[in-house]
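One structure is given here, and the rest of the page talks about it.
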Ligand SMILES: [Zn+2]
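Residue numbers (our numbering): 43 to 457.
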C-alpha cells in the first residue's frame with residue numbers, strides 16, 4: 043500500500059513536471075512565434091535607397107504595432123519634414139494589433155534634388171494587408187524646401203503633362219534623365235524627359251536642360267504702403283538703349299517702380315536691359331514678339347507671339363510673365379480663349395508716341411492723375427524720359443506711390 047502510494051505520488055509529480063515542461067515549451071513556442079510574426083517587418087532591404095545617410099529603424103508594440111523605416115540626411119530641414127511625416131504615420135489610429143509598416147525608396151540627383159518615396163502598409167492581426175499608401179517628399183537641398191509642381195514645370199505648360207499622361211501628375215521624382223511622374227495613389231505615370239522638353243522645365247539647376255535663367259535672382263523690391271494712393275506707369279514697345287535706363291533711374295530716385303510691356307524681339311536684342319529692370323524690381327510684361335496685331339491673328343500666330351515672348355523673358359529673368367498688354371489695345375474673343383494671362387490696358391494715354399514732346403505729355407497726364415491711374419507711355423522717345431523725370435517729383439509730392447501693375451492689382455484684390 044505504502045509502496046503503491048509512493049509510486050502514485052511519483053507518477054503525479056512526473057505528470058505535473060511533464061505538464062509544466064509542456065506549458066513552458068508551448069509558451070516558448072508561442073513567444074517564439076510571436077517574435078517571428080514581426081521579424082520580416084523589423085528590417086528592410088537596401089534596394090532603391092540611394093540617398094540618406096542613416097537608415098532609422100523603429101519597432102514598437104502597443105495597441106498598434108509599428109515597424110517604421112526612414113532615412114536621415116545631413117540637412118536638418120529635410121530631417122524635420124521626414125520626422126513630421128513619420129509622426130503622422132505613428133499617430134495611426136486603427137484596430138488593436140494592426141501592424142503599420144513603413145518602408146521607403148530614395149534618390150538624389152544633380153547633387154541638389156532628393157526624392158523620398160514612402161510606402162506605408164497596414165496589416166490586420168492576421169498580417170493580412172489592409173491598405174497601402176504612397177507619399178513623396180521632393181526636396182531641393184539648395185533652396186532647402188520641398189518643391190511644388192510649378193517649380194518643376196512652367197505653369198502654362200501643364201497642359202503638356204495632361205496630354206502625355208491624361209492627367210496632371212500629383213507626385214514627382216527628379217531623375218537625371220527627366221521627372222518621373224506619379225498619380226495621387228503613387229502609381230507611376232511615366233518619365234517626362236528633359237530632352238526635347240526643355241521649354242517646359244522650370245528646375246534651375248545648371249545641369250538640367252531648361253530655358254530657366256540660372257543666374258542670381260535677387261530682386262530689389264520696394265515697400266508699398268497700402269494706405270497711400272497708387273499710380274501705375276506702364277511703358278510699351280521697349281526696351282530701348284539709353285531711354286529705358288533713364289526712365290528706370292527716375293523711378294528709383296523717386297523710390298517707385300513701373301511695368302514695362304516689352305516686345306520679344308527687343309528683349310532678344312537688349313536682354314541686358316530686361317535683366318536690369320527685373321533685378322531692380324520692375325515688372326516685365328508681355329507685349330507680343332513683333333508687335334503684331336493679335337486681334338486679327340489666328341490661334342497659331344497668337345500662341346507664337348505670346349509664348350515666344352514668355353520664353354525669352356523666362357530665360358532672362360527666371361520668372362514667368364503674368365500680364366499681357368495687347369498691341370493697339372485690341373483684344374479679340376480668340377485672344378481671350380488662347381491667352382491664359384491677364385490682359386490689361388490703360389486709363390490715361392500720354393500720347394507720347396504722337397506728340398513726342400515733354401510739355402504735351404505732361405499736359406496729357408498730370409491733370410487726370412488719380413488713385414488707380416494706369417498711364418500708357420513708351421520707352422522709345424527722349425521726350426518720354428524727360429516727361430517722366432519732370433512729373434515723378436510732382437506726383438510724389440502729392441503723396442502718390444509708383445507701383446508695378448501686378449502690385450497694384452494685388453492691392454485692389456486685398457482691399
Ligand atoms: Zn505697343
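Even for Gly, the Cβ is constructed at its ideal location relative to N, Cα and C.
Inset, instruction - Look at the Cβ atom of residue 281, then the Cβ atom of residue 308, and state whether they are nearer than 8 angstroms. - result: Here residue 281 corresponds to residue number 239 of the chain shown, with the count starting at 1. Here residue 308 corresponds to residue number 266 of the chain shown, with the count starting at 1. Yes, the Cβ-Cβ distance between residue 281 and residue 308 is below 8 angstroms.
Inset, instruction - Tell me, to the nearest whole angstrom, how far the beta carbon of residue 369 is from that of residue 335; I am working on the premise that it is less than 8 angstroms. - result: As a position in the chain shown, residue 369 is number 327, starting the count at 1. As a position in the chain shown, residue 335 is number 293, starting the count at 1. Right, the Cβ-Cβ distance comes to about 6 angstroms (below 8 angstroms), so this counts as a contact.
Inset, instruction - For the beta strand (DSSP E) containing residue 114, list its first residue and its last residue. - result: Locating residue 114 in the chain shown gives position 72, where the first residue counts as 1. Element bounds for residue 114: 107 to 114.
Legend entry - Same chain only: Cβ atoms within 8 angstroms of residue 220, ignoring 5 sequence neighbours per side: Here residue 220 is taken as the residue at index 178 of the chain shown, counted from 1. Result list for residue 220: 233, 234, 235, 236, 237 and 239, in chain order.
Inset, instruction - Look at the alpha carbon of residue 294 and the alpha carbon of residue 439, and state the distance between them as a whole number of angstroms. - result: Taking the first residue of the chain shown as position 1, residue 294 is located at position 252. Taking the first residue of the chain shown as position 1, residue 439 is located at position 397. Their backbone Cα atoms lie some 15 angstroms apart in a straight line.
Inset, instruction - Using a threshold of 8 angstroms, state whether the C-beta atoms of residue 359 and residue 316 are closer than that. - result: One-based indexing of the chain shown puts residue 359 at position 317. One-based indexing of the chain shown puts residue 316 at position 274. Closer than 8 angstroms, so yes.
Legend entry - Closest by C-alpha distance to residue 166, when choosing among 215, 117, 431 and 108: Indexing the chain shown from 1 puts residue 166 at position 124. Measuring from the Cα of residue 166, the nearest candidate turns out to be 108.
Inset, instruction - Confirm the yes/no value for this check: CB of residue 278, any heavy atom of ligand 1, distance under 7 angstroms. - result: For the purposes of this step, residue 278 is identified with residue 236 of the chain shown, where counting begins at 1. Yes.
Inset, instruction - Kindly indicate the opening and closing residues of the beta strand (DSSP E) around residue 420. - result: Counting from one through the chain shown, the residue named residue 420 turns up at place 378. Segment 416 to 420, the beta strand (DSSP E) holding residue 420.
Inset, instruction - Run the CB neighbour count on residue 328, radius 10 Å, all protein chains shown included, and call it buried at 16 or more, exposed below. - result: Taking the first residue of the chain shown as position 1, residue 328 is located at position 286. By the neighbour-count rule (16 or more Cβ atoms within 10 Å), residue 328 is buried.
Inset, instruction - Would you kindly check if the distance between the Cβ of residue 365 and the Cβ of residue 448 is under 8 angstroms? - result: Locating residue 448 in the chain shown gives position 406, counting from the first residue. Locating residue 365 in the chain shown gives position 323, counting from the first residue. Cβ atoms of residue 448 and residue 365: closer than 8 angstroms.
Inset, instruction - With hydrogens ignored, establish whether the beta-carbon of residue 369 is closer than 7 angstroms to any heavy atom of ligand 1. - result: Here residue 369 refers to the residue found at position 327 of the chain shown. Yes, since a heavy atom of ligand 1 falls inside the 7 angstroms radius drawn around the Cβ of residue 369.
Inset, instruction - Determine the direct distance from the alpha carbon of residue 150 to that of residue 203, and round the result to whole angstroms. - result: The sequence position of residue 203 within the chain shown is 161, counting from 1. The sequence position of residue 150 within the chain shown is 108, counting from 1. Approximately 23 angstroms, taken between the alpha carbons.
Legend entry - Bridge partner(s) assigned by DSSP for residue 52: Numbered from 1 along the chain shown, position 10 holds the residue referred to as residue 52. None; residue 52 has no bridge partner.
Legend entry - Reduced DSSP secondary structure (H/G/I, E/B, other) of residue 207: Counted from its first residue, the chain shown places residue 207 at position 165. Looking at residue 207 - three-state DSSP - the assignment turns out to be helix.
Inset, instruction - Let me know if residue 304 comes out buried or exposed under the rule of 16 or more other beta-carbons within 10 Å of its beta-carbon. - result: Translated into positions along the chain shown, residue 304 becomes position 262. That one is buried.
Inset, instruction - Specify whether the region 417 to 436 and the region 387 to 407 touch according to this definition: at least 3 beta carbon pairs, one from each stretch, less than 8 angstroms apart. - result: yes
Legend entry - residue 140 to residue 106 span [Cα, whole Å]: In the chain shown, counting from the first residue as 1, residue 140 sits at position 98. In the chain shown, counting from the first residue as 1, residue 106 sits at position 64. Taking the straight line from one Cα to the other gives about 5 angstroms.
Inset, instruction - Just mark residue 113 as buried or exposed, buried being the case when its beta carbon has 16 or more other beta carbons within 10 Å. - result: The sequence position of residue 113 within the chain shown is 71, counting from 1. Buried, since its Cβ has 16 or more Cβ neighbours within 10 Å.
Inset, instruction - Would you identify the three-state DSSP class for residue 188, choosing helix, strand or coil? - result: The residue labelled residue 188 in the question sits at position 146 within the chain shown. Residue 188: strand per DSSP, three-state reduction.
Inset, instruction - Could you tell me whether any non-hydrogen atom of ligand 1 is closer than 7 angstroms to the CB of residue 239? - result: Indexing the chain shown from 1 puts residue 239 at position 197. No, the beta carbon of residue 239 sits no closer than 7 angstroms to any heavy atom of ligand 1.
Inset, instruction - May I ask you to report which of helix, strand or coil DSSP gives residue 71? - result: Stepping through the chain shown from its first residue, residue 71 is reached at position 29. Residue 71 falls in the helix class under three-state DSSP.
Inset, instruction - Step through the CB atoms of chain C and report whether any lies within less than 8 angstroms of the CB of residue 193. - result: In the displayed structure, chain C is absent; only one protein chain is listed.
Inset, instruction - For residue 212, collect the residues of the same chain with a Cβ closer than 7 angstroms to its Cβ; drop the 5 residues on either side in sequence, then sort them by chain order. - result: Residue mapping note: residue 212 aligns to position 170 of the chain shown, counting from 1. 224, 225 and 226.
Legend entry - For residue 174 and residue 381, the rounded distance between their alpha carbons: Locating residue 381 in the chain shown gives position 339, counting from the first residue. Locating residue 174 in the chain shown gives position 132, counting from the first residue. Each residue's Cα considered, the two are about 41 angstroms apart.
Legend entry - 8 angstroms Cβ cutoff met for residue 111 and residue 89: Position 69 of the chain shown, counted from the start, is the residue given in the question as residue 111. Position 47 of the chain shown, counted from the start, is the residue given in the question as residue 89. No; because the gap between Cβ atoms is not below 8 angstroms, this pair is not in contact.
Inset, instruction - Take residue 272 and list the residues in its own chain whose beta-carbon comes closer than 6 angstroms to its own, dropping the five residues that flank it on each side. - result: Walking along the chain shown from the start, residue 272 turns up at place 230. Correct list, in chain order: 443, 445 and 450.
Legend entry - N- and C-terminal bounds of the beta strand (DSSP E) containing residue 98: Here residue 98 refers to the residue found at position 56 of the chain shown. Per DSSP, residue 98 belongs to the beta strand (DSSP E) from 96 to 103.
Inset, instruction - Since I believe residue 291 is in contact with residue 333 (beta carbons under 8 angstroms), could you give me their beta-carbon distance rounded to a whole number of angstroms? - result: Translated into the one-based positions of the chain shown, residue 333 becomes position 291. Translated into the one-based positions of the chain shown, residue 291 becomes position 249. Not quite, the Cβ-Cβ distance comes to about 26 angstroms (not below 8 angstroms), so this is no contact.
Inset, instruction - Could you round the C-beta distance between residue 377 and residue 344 to whole angstroms and report it? I think they count as a contact, below 8 angstroms. - result: Along the chain shown, read from residue 1 onward, the residue named residue 377 stands at position 335. Along the chain shown, read from residue 1 onward, the residue named residue 344 stands at position 302. Going by Cβ atoms, the distance from residue 377 to residue 344 rounds to 6 angstroms, so yes, they are a contact pair.
Legend entry - Whole-angstrom distance between residue 118 and residue 349, CA atom to CA atom: In the chain shown, residue 349 corresponds to position 307, counting from 1. In the chain shown, residue 118 corresponds to position 76, counting from 1. The alpha-carbon atoms of residue 349 and residue 118 are separated by roughly 40 angstroms.
Inset, instruction - Could you please give the first and the last residue of the uninterrupted alpha helix (DSSP H) stretch that includes residue 308? - result: The count along the chain shown starts at 1 and reaches residue 308 at position 266. Segment 306 to 311, the alpha helix (DSSP H) holding residue 308.
Legend entry - Same chain only: Cβ atoms within 6 angstroms of residue 289, ignoring 5 sequence neighbours per side: Taking the first residue of the chain shown as position 1, residue 289 is located at position 247. Closer than 6 angstroms at Cβ, skipping near neighbours: 421, 427 and 430.
Inset, instruction - Starting from the N-terminal side, write out each stretch of the beta strand (DSSP E) that is 3 residues or longer and does not extend beyond the region 289 to 356. - result: 301 to 304 and 325 to 328
Legend entry - Exposed unless 16 or more other CB atoms sit within 10 angstroms - verdict on residue 58: On the chain shown, residue 58 is found 16 positions in, with the first residue counted as 1. So residue 58 ends up on the exposed side.
Inset, instruction - Would you kindly report the start and end of the unbroken alpha helix (DSSP H) that includes residue 450? - result: One-based indexing of the chain shown puts residue 450 at position 408. Note, residue 450: alpha helix (DSSP H), 447 to 456.
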